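Participant: Line by line, the protein sequences are chains A and B. Sequential numbering of the first sequence, starting at 48, is according to our numbering. Sequential numbering of the second sequence, starting at 48, is according to our numbering. Idealized CB from N, CA, C, for every residue including glycine. Please read all numbers here as calculations on a predicted model, not as lab measurements.
Protein chains: 2
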Amino acid sequence: MAVYTEVSDDELEVFVAEYDIGEVQSCKGIAEGVENSNYLLQTDRGNFILTLYEKRVQPEDLPFFLGLMDHLAAQNFPCPTPIHGHDGEALRDLCGKPAALISFLSGLWPKRVEPEHCRGVGGAAAKMHLAADGFNLTRKNGMDRIAWQELFSQTKVRADEIQIGLSSKIESELTYLEANWPNNLPSGIIHADLFPDNVFFHHNDLSGVIDFYFACNGSFAYEIAICLNAWCFEDDGSFNVTKARNLIEGYTAVRPLEPAEINALPLLARGGALRFLLTRLYDLLNHPEGAFVQPKDPLEYLKKLEFHQKAGSPGAYGLGTG
Amino acid sequence: MAVYTEVSDDELEVFVAEYDIGEVQSCKGIAEGVENSNYLLQTDRGNFILTLYEKRVQPEDLPFFLGLMDHLAAQNFPCPTPIHGHDGEALRDLCGKPAALISFLSGLWPKRVEPEHCRGVGGAAAKMHLAADGFNLTRKNGMDRIAWQELFSQTKVRADEIQIGLSSKIESELTYLEANWPNNLPSGIIHADLFPDNVFFHHNDLSGVIDFYFACNGSFAYEIAICLNAWCFEDDGSFNVTKARNLIEGYTAVRPLEPAEINALPLLARGGALRFLLTRLYDLLNHPEGAFVQPKDPLEYLKKLEFHQKAGSPGAYGLGTG
Numbered sequence: 048m049a050v051y052t053e054v055s056d057d058e059l060e061v062f063v064a065e066y067d068i069g070e071v072q073s074c075k076g077i078a079e080g081v082e083n084s085n086y087l088l089q090t091d092r093g094n095f096i097l098t099l100y101e102k103r104v105q106p107e108d109l110p111f112f113l114g115l116m117d118h119l120a121a122q123n124f125p126c127p128t129p130i131h132g133h134d135g136e137a138l139r140d141l142c143g144k145p146a147a148l149i150s151f152l153s154g155l156w157p158k159r160v161e162p163e164h165c166r167g168v169g170g171a172a173a174k175m176h177l178a179a180d181g182f183n184l185t186r187k188n189g190m191d192r193i194a195w196q197e198l199f200s201q202t203k204v205r206a207d208e209i210q211i212g213l214s215s216k217i218e219s220e221l222t223y224l225e226a227n228w229p230n231n232l233p234s235g236i237i238h239a240d241l242f243p244d245n246v247f248f249h250h251n252d253l254s255g256v257i258d259f260y261f262a263c264n265g266s267f268a269y270e271i272a273i274c275l276n277a278w279c280f281e282d283d284g285s286f287n288v289t290k291a292r293n294l295i296e297g298y299t300a301v302r303p304l305e306p307a308e309i310n311a312l313p314l315l316a317r318g319g320a321l322r323f324l325l326t327r328l329y330d331l332l333n334h335p336e337g338a339f340v341q342p343k344d345p346l347e348y349l350k351k352l353e354f355h356q357k358a359g360s361p362g363a364y365g366l367g368t369g
Numbered sequence: 048m049a050v051y052t053e054v055s056d057d058e059l060e061v062f063v064a065e066y067d068i069g070e071v072q073s074c075k076g077i078a079e080g081v082e083n084s085n086y087l088l089q090t091d092r093g094n095f096i097l098t099l100y101e102k103r104v105q106p107e108d109l110p111f112f113l114g115l116m117d118h119l120a121a122q123n124f125p126c127p128t129p130i131h132g133h134d135g136e137a138l139r140d141l142c143g144k145p146a147a148l149i150s151f152l153s154g155l156w157p158k159r160v161e162p163e164h165c166r167g168v169g170g171a172a173a174k175m176h177l178a179a180d181g182f183n184l185t186r187k188n189g190m191d192r193i194a195w196q197e198l199f200s201q202t203k204v205r206a207d208e209i210q211i212g213l214s215s216k217i218e219s220e221l222t223y224l225e226a227n228w229p230n231n232l233p234s235g236i237i238h239a240d241l242f243p244d245n246v247f248f249h250h251n252d253l254s255g256v257i258d259f260y261f262a263c264n265g266s267f268a269y270e271i272a273i274c275l276n277a278w279c280f281e282d283d284g285s286f287n288v289t290k291a292r293n294l295i296e297g298y299t300a301v302r303p304l305e306p307a308e309i310n311a312l313p314l315l316a317r318g319g320a321l322r323f324l325l326t327r328l329y330d331l332l333n334h335p336e337g338a339f340v341q342p343k344d345p346l347e348y349l350k351k352l353e354f355h356q357k358a359g360s361p362g363a364y365g366l367g368t369g
């Protein structure tokens, strides 16, 4: 929930004049997304999302993110399409910040995940992996294992304020993952943040995927591992195998998994859980007084990590193989 | 900026089924308005605002607010129209809170007020005063002089934390206003919160007035006094007489002012400034740690109050009479 930058009428008018989108009818700040300022802009020609990129997004990454959306949309992947101005540019300046106008996707993100949603997101992840093939820019994962070490070094002295023993649990997991991380898995461009609030549905039919601002090069199976963490646990911490099976079936119906990918899933799921445990821990320990957003609970991801540690084999995720 | 209540898909579906508005396409929390939870709901038939009334609105006042919007819209006043369900009701329960669906008004509120906007809002205030005639419910102003005394009694011991001497300034103003407040001015239903963010324009043409949740019975000239405070001061604290003249001309073109109303304006403007000084002071002193909204500066209204104290006669507002 956040609108950080308020756009004046004059600035908006100058900005919109760069595009062939008609006359502005309304412009409302959207209370979703915590990283950027988002406005729902309505003109006599349709609806658009106006995004001002705030400090968490690196400006030099924006050509990758916008170019990826252009590329995916051209492959008929259901994602927002950057609108290009009269000058051909999709990225320009507004209120001193990088800003872009993208097409509006209808649909609702599932506040309560149903098993059918998981099939949809699995299929969409696979479609995105295939559709991104041929996109010619690359981006390193900013939340890779080096970043995890860095986050840990910045949180370890205070981690036990959140739970006694947390610091040593993270340290031993980092050591284990470092020693066992699989290499040479099939890879390409992944979304890397496919959480429910980034996936829209009409009832149970997926209508679109948004928020590509963590997209990067990585292994496809790691994307599935993040999805298992984000979509398949119930509020009480239990793991819903039906959801996991649907998710993986949805994926493999579009892009079959290789045995090495299936075997790597439990370990990648541990990595995915640790990644969100670390970022949530960092955000909680560095939460400014009076900030707009409530920090999320890192311990939710400790529980998920512990589930994956015990899982051991792909069978725990409803997979026959392994 | 606030969405306090998150509506689940299931709850939204049950709610929307009570209306004849088509199929939900999207529902986005709006980061505007600090009192209620507002969503922009899009269906295949159009756009609507879904409002959940949070604690600051008294549920027993809602029939007045919604009935007033119904009444004004029927008189072609440009305001949101409550949507009535299959059962005829405009007010029902959602997530345990009173909730209503209202029509969506296009337009932008002026982030930078131009003199022409002031003419528009003056005219709209007068039209509303006339259009509300015949509405058969009444509501006492919850921010009347008794409420000011109450707010002062809750803030006076800490007011000097904000500025030395503030407490005694407020006290002497309250005494002065109590002794000199005009009675028997023409009255009826007023909006009582006609600030720029509640008035939409397409360029310089007023397209609608929103947020009737402070509307009440009161003197018409007090509405103008609030508008003078809200629309006619520049950011540097200076008073823009052109804006004031436009505002009053816009008003009187629709509803002429009586001499008693004109003569009362300086005093009513003092009252209007004190009202917002007191509520801002209260909000600042009672601002919860970590709240979503930044408290507004009460001293902005102290400066406005001091302008009105010096003004003395209606001439200071660009009025010939007095």
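Indicate the three-state DSSP secondary structure (helix, strand or coil) for R139(A) in the structure shown.
Facilitator: Indexing the first sequence from 1 puts residue 139(A) at position 92. Here R139(A) sits in strand by DSSP.
Participant: DSSP state of T326(B), grouped into three classes?
Facilitator: Counted from its first residue, the second sequence places residue 326(B) at position 279. In this structure, T326(B) counts as helix in the three-state DSSP scheme.
Participant: For S55(B), name the three-state secondary structure that DSSP assigns.
Facilitator: Counting from one through the second sequence, the residue named residue 55(B) turns up at place 8. DSSP places S55(B) in coil when its eight states are reduced to three.
Participant: Closer than 8 Å, CB to CB, is E208(A) near chain B or not?
Facilitator: Here residue 208(A) is taken as the residue at index 161 of the first sequence, counted from 1. Cβ-Cβ to chain B under 8 Å: no for E208(A).
Participant: Hey, quick one: how far does the alpha helix (DSSP H) through S153(B) stretch, first residue to last?
Facilitator: Locating residue 153(B) in the second sequence gives position 106, counting from the first residue. Neither: S153(B) is in no alpha helix (DSSP H) and is coded neither H nor E.
Participant: Between which two residues does the beta strand (DSSP E) containing D108(B) stretch?
Facilitator: Position 61 of the second sequence, counted from the start, is the residue given in the question as residue 108(B). No beta strand (DSSP E) holds D108(B); DSSP gives it neither H nor E.
Participant: Quick one: give me the first and last residue of the beta strand (DSSP E) that I237(B) is part of.
Facilitator: Position 190 of the second sequence, counted from the first residue, corresponds to residue 237(B). I237(B) -> beta strand (DSSP E) spans S234 to I237.
Participant: So does the region 171-188 of chain A actually touch the region 301-309 of chain A, counting three or more Cβ pairs closer than 8 Å?
Facilitator: The region 171-188 of chain A is in contact with the region 301-309 of chain A.
Participant: State buried or exposed for S285(B), treating a residue as buried only when at least 16 other CB atoms are found within 10 Å of its CB.
Facilitator: If you number the second sequence from 1, residue 285(B) lands on position 238. Exposed: under 16 other Cβ atoms inside 10 Å.
Participant: Would you call the region 180-192 of chain A and the region 232-242 of chain A in contact, with 3 or more CB pairs under 8 Å?
Facilitator: Flag = yes, the region 180-192 of chain A and the region 232-242 of chain A touch.
Participant: Using beta carbons (cut-off 8 Å, strictly below), is R159(B) in contact with chain A?
Facilitator: Mapped onto the second sequence, residue 159(B) falls at position 112. So, interface residue.
Participant: Mind pulling the chain B residues with CB within less than 9 Å of D57(A)?
Facilitator: Stepping through the first sequence from its first residue, residue 57(A) is reached at position 10. Simply K158 and R159.
Participant: Name the residue from I149(B), H250(B) and F323(B) whose alpha carbon lies nearest to the alpha carbon of W156(B).
Facilitator: Translated into the one-based positions of the second sequence, residue 156(B) becomes position 109. Residue H250(B) is the option with its Cα nearest to W156(B).
Participant: Just to confirm the assignment: which complete beta strand (DSSP E) runs, minimum length 3, are found wholly within the region 167-196 of chain A?
Facilitator: Within the region 167-196 of chain A, no complete beta strand (DSSP E) run reaches 3 residues.
Participant: Between K216(A) and chain B, is any beta-carbon pair separated by less than 8 Å?
Facilitator: Numbered from 1 along the first sequence, position 169 holds the residue referred to as residue 216(A). For K216(A), the answer is no, since every Cβ of chain B falls outside 8 Å of its Cβ.
Participant: Enumerate in chain order the residues of its own chain whose CB-to-CB distance from P345(B) is below 7 Å, with the five nearest sequence positions on each side excluded.
Facilitator: Within the second sequence, numbered from 1, the residue matching residue 345(B) stands at position 298. I209, L324, R327, L328 and L331, listed in sequence order.
Participant: Going by beta-carbon coordinates alone, are A78(A) and H118(A) separated by less than 8 Å?
Facilitator: The sequence position of residue 78(A) within the first sequence is 31, counting from 1. The sequence position of residue 118(A) within the first sequence is 71, counting from 1. Contact: no.
Participant: With DSSP as the reference, label G318(B) as helix, strand or coil.
Facilitator: Position 271 of the second sequence, counted from the first residue, corresponds to residue 318(B). Looking at G318(B) - three-state DSSP - the assignment turns out to be helix.
Participant: Can you tell me whether P313(B) is buried or exposed? The criterion is at least 16 other CB atoms within 10 Å of its CB, across all chains shown.
Facilitator: On the second sequence, residue 313(B) is found 266 positions in, with the first residue counted as 1. Label assigned to P313(B): buried.
Participant: Whether or not the region 94-101 of chain B and the region 193-209 of chain A are in contact is what I'm after, with contact meaning three or more pairs of Cβ atoms, one per stretch, closer than 8 Å; do they touch?
Facilitator: These segments do not touch.
Participant: Closer than 7 Å by C-beta to F124(A): which residues in its own chain qualify, once you throw out the five before and the five after it? Chain order, please.
Facilitator: Residue 124(A) sits at position 77 when you count from the first residue of the first sequence. Hits under 7 Å: K174, M175 and A178.
Participant: Counting contacts by CB-CB distance shorter than 8 Å, is Q201(B) in contact with chain A?
Facilitator: To locate residue 201(B), count along the second sequence from 1; it is residue 154. By this cut-off, Q201(B) is not an interface position.
Participant: The alpha helix (DSSP H) spanning C274(A) covers which residue range?
Facilitator: Locating residue 274(A) in the first sequence gives position 227, counting from the first residue. Segment F267 to W278, the alpha helix (DSSP H) holding C274(A).
Participant: Output needed for S234(B): all residues of its chain with C-beta closer than 7 Å, excluding positions within five of it in sequence on either side, in chain order.
Facilitator: For the purposes of this step, residue 234(B) is identified with residue 187 of the second sequence, where counting begins at 1. Correct list, in chain order: N264, G265, S266 and F267.
Participant: Taking the beta carbon of A121(A) as the centre, do at least 16 other beta carbons fall within 10 Å, making it buried, or is it exposed?
Facilitator: Mapped onto the first sequence, residue 121(A) falls at position 74. By the 10 Å Cβ count, A121(A) comes out exposed.
Participant: Against chain A, with Cβ distances strictly below 8 Å, would G369(B) count as a contact?
Facilitator: Position 322 of the second sequence, counting from 1, holds the residue named residue 369(B). At G369(B), the pLDDT of 41 sits below 50, so the modelled position is not reliable; the number obtained from the coordinates is stated separately. No, no contact with chain A.
Participant: What is the DSSP secondary structure of K351(B), counted as helix, strand or coil?
Facilitator: Sequence index remark: in the second sequence, residue 351(B) carries index 304 (1-based). Looking at K351(B) - three-state DSSP - the assignment turns out to be helix.
Participant: According to DSSP, is K102(A) helix, strand or coil?
Facilitator: Position 55 of the first sequence, counting from 1, holds the residue named residue 102(A). Correct three-state label for K102(A): coil.
Participant: Just checking, does the region 100-114 of chain A make contact with the region 255-264 of chain A on the three C-beta pairs under 8 Å criterion?
Facilitator: Touching, per the Cβ criterion.
Participant: Name the chain A residues whose beta carbon is nearer than 9 Å to that of C74(B)?
Facilitator: Along the second sequence, read from residue 1 onward, the residue named residue 74(B) stands at position 27. What C74(B) touches in chain A: L155.
Participant: For the putative contact between A316(B) and N276(B), defined by C-beta atoms under 8 Å, what is the C-beta separation to the nearest angstrom?
Facilitator: For the purposes of this step, residue 316(B) is taken as residue 269 along the second sequence, with counting starting at 1. For the purposes of this step, residue 276(B) is taken as residue 229 along the second sequence, with counting starting at 1. With 8 Å as the limit, A316(B) and N276(B) qualify as a contact, their Cβ atoms being about 6 Å apart.
Participant: What residue range does the beta strand (DSSP E) around G76(B) cover?
Facilitator: Residue 76(B) sits at position 29 when you count from the first residue of the second sequence. Taken as a continuous stretch (DSSP letters only), the beta strand (DSSP E) holding G76(B) covers V71 to G76.
Participant: Beta strand (DSSP E) containing T90(A): first to last residue?
Facilitator: As a working mapping, residue 90(A) is identified with position 43 in the first sequence. Counting along the chain, the beta strand (DSSP E) containing T90(A) begins and ends at S84 to T90.
Participant: Between the alpha carbons of T90(A) and W228(B), how many angstroms are there, rounded?
Facilitator: As a position in the first sequence, residue 90(A) is number 43, starting the count at 1. As a position in the second sequence, residue 228(B) is number 181, starting the count at 1. Roughly 47 Å between the two C-alpha positions.
Participant: Interface residues of chain B around I309(A) at Cβ under 7 Å?
Facilitator: In the first sequence, counting from the first residue as 1, residue 309(A) sits at position 262. By Cβ distance, chain B contributes nothing, its closest Cβ being about 32 Å from I309(A), past 7 Å.
Participant: Give the residues from the region 123-153 of chain B that approach chain A closer than 7 Å (Cβ to any Cβ), ordered along the chain.
Facilitator: Listed by position along the chain: S153.
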